[in-house]
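Going by the numbering used here, the residue at position 207 of the sequence shown is 207; the numbering climbs one at a time, nothing skipped. Remarks on the structure that follows.
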Amino acid sequence: MTDACNLPGLSVPRSRFPDPAEDLAEAGAQSRLVLAGGCFWCVEAVFLAVDGVEAVAPGYAGGEARTANYEAVCSGTTGHAEVIDITYSPAKVSFGQLLKLFFSVAHDPTQLNRQGNDIGTQYRSAVFYETPEQRQVAEAYISQLDEAGVYPDPIVTTLEPLEAFYPAETYHQNFAARNPRQPYIMAVAAPKVEKLTRAWPDQLKPEYRDDDPDQA
Numbered sequence: 001m002t003d004a005c006n007l008p009g010l011s012v013p014r015s016r017f018p019d020p021a022e023d024l025a026e027a028g029a030q031s032r033l034v035l036a037g038g039c040f041w042c043v044e045a046v047f048l049a050v051d052g053v054e055a056v057a058p059g060y061a062g063g064e065a066r067t068a069n070y071e072a073v074c075s076g077t078t079g080h081a082e083v084i085d086i087t088y089s090p091a092k093v094s095f096g097q098l099l100k101l102f103f104s105v106a107h108d109p110t111q112l113n114r115q116g117n118d119i120g121t122q123y124r125s126a127v128f129y130e131t132p133e134q135r136q137v138a139e140a141y142i143s144q145l146d147e148a149g150v151y152p153d154p155i156v157t158t159l160e161p162l163e164a165f166y167p168a169e170t171y172h173q174n175f176a177a178r179n180p181r182q183p184y185i186m187a188v189a190a191p192k193v194e195k196l197t198r199a200w201p202d203q204l205k206p207e208y209r210d211d212d213p214d215q216a
């Protein structure tokens with residue numbers, strides 16, 4: 001199986017991605033991060049495999065409550081993006097480490113208002129921040145990646161305040177795990193999870209680990 005939709009981000013080797021120079025100093029049992037990186041089925045599948053991630057919920061952010069439904073969002077006219085709401089343990093994984101996986105595996109951040117064949121503002125790359133500190137760390141990491149020339153094109157990820165998160169319909173929840181043989185999942189989501197398991201085995205939950213991973 002080839003990389004999803006030939007997304008260039010999936011072929012950039014691990015060694016090209018630096019750790020974030022800035023990160024959050026977090027305390028407490030749980031923290032939250034809301035990300036948009038194309039189809040939420042695929043991004044959800046990646047982050048469900050990450051050690052320290054306790055829950056992932058697909059949904060919508062960026063628009064109004066009345067249009068926070070799949071049919072409306074697919075029109076590309078609502079302002080919403082397909083997002084995932086990540087609940088994680090800062091004791092196991094940091095905000096910056098999650099951003100690193102977002103930019104290196106979960107999607108191609110240089111594609112404007114699309115991911116592969118999924119086209120529209122609902123598929124935009126975005127970090128929906130809740131605090132100024134989250135925005136600062138995300139902005140700094142984008143600049144760090146651009147300055148390092150990790151991608152041949154500039155990163156177009158937007159930084160947007162999280163006004164509200166609207167959970168997606170029930171049938172979208174944990175879609176990839178429940179439908180592993182669905183063609184879109186096999187062609188787009190599975191290669192991203194495979195890339196994660198090859199490139200970042202140290203970031204995986206035990207059930208996703210391979211005793212002899214093929215390092216990317």
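For glycine and all other residues, C-beta sits at the position ideal for the given N, C-alpha and C.
The beta strand (DSSP E) enclosing residue i, as first and last residue numbers
i	result
Arg-32	31-37
Tyr-123	Counting along the chain, Tyr-123 falls outside any beta strand (DSSP E), and DSSP gives it neither H nor E.
Tyr-88	81-88
Pro-161	158-161
Test item: CB-CB of residue i and residue j under 8 Å
i	j	result
Phe-175	Leu-145	no
Ala-49	Leu-204	yes
Ala-45	Lys-192	yes
Ala-138	Leu-162	no
Gly-59	Tyr-171	no
Thr-110	Asp-51	no
Ala-36	Glu-82	yes
Arg-32	Ile-84	no
Glu-54	Ser-94	no
Gln-122	Cys-74	yes
Cys-42	Ala-189	yes
Val-156	Leu-99	no
Gly-38	His-107	yes
Identity of the residues DSSP links to residue i by a beta bridge
i	result
Leu-99	DSSP, once it has assigned bridges, lists no residue as partnering Leu-99.
Thr-50	It is Val, not Thr, that sits at residue 50 in the sequence shown. BP columns for Val-50 point to Leu-204.
Gln-115	Asp-118
Gly-28	DSSP, once it has assigned bridges, lists no residue as partnering Gly-28.
Ala-55	Thr-87
Tyr-166	Tyr-60
Buried versus exposed call for residue i [16 or more other C-beta atoms within 10 Å across all chains shown]
i	result
Ala-21	exposed
Ile-119	exposed
Arg-16	exposed
Ser-125	buried
Gly-28	exposed
Gly-242	What is shown of the chain runs 1 to 216, which leaves residue 242 out entirely.
Leu-7	Bear in mind that the predicted position of Leu-7 carries a pLDDT of just 41, short of 50, making it unreliable; the figure below should be weighed with that in mind. It counts as buried.
Ala-61	buried
Thr-77	exposed
Gln-30	exposed
Ala-164	exposed
First through last residue of the alpha helix (DSSP H) which encompasses residue i
i	result
Glu-194	190-199
Phe-17	No alpha helix (DSSP H) contains Phe-17, which DSSP labels as neither H nor E.
Tyr-141	132-148
Tyr-70	70-73
Arg-178	175-178
Is there contact between the region 65-77 and the region 125-138, where contact requires at least three CB pairs shorter than 8 Å? The region 65-77 vs the region 125-138: no contact.
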